[in-house]
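The next block holds one structure in the form of structure tokens; read it before the comments.
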Amino acid sequence: MASPSAAVDNLFVGSDAGGDRAAVLYTLIETAKLNGLNPEAYLAYVLDQLARGHLTTKLAELLP
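First residue of the sequence shown: 191, per the working numbering; consecutive thereafter.
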């Protein structure tokens with residue numbers, strides 16, 4: 191369950207699209223945690239792979 195501060199933060203994402211992006215990010219972080227991964231290290235790895243040219247059509251390969 192989200193913390194009260196996370197709920198307040200969601201009020202300030204700026205737009206519906208920003209809220210959608212925040213929801214995706216929070217989901218990735220929580221999924222990484224549930225899979226026993228360090229969320230910060232996992233997100234750094236994913237961003238690095240994308241920067242190195244990993245195809246966005248194959249994002250499922252990067253899921254935890």
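Using N, Cα and C, we set each Cβ at its ideal position, and we do this for glycine too. Remember, predicted model here, so these are calculated numbers, not experimental data.
- In the three-state scheme derived from DSSP, where H, G and I count as helix and E and B as strand, residue 254 is classed as coil.
- In the structure shown, residue 237 falls within a helical segment according to DSSP collapsed to helix, strand and coil.
- Residue 222 is classed as buried because its beta carbon has at least 16 other beta carbons within 10 Å across all chains shown.
- The shortest C-alpha to C-alpha distance from residue 254 to any of 242, 227 and 206 is the one to 227.
- Boundaries of the alpha helix (DSSP H) around residue 223: 206-224.
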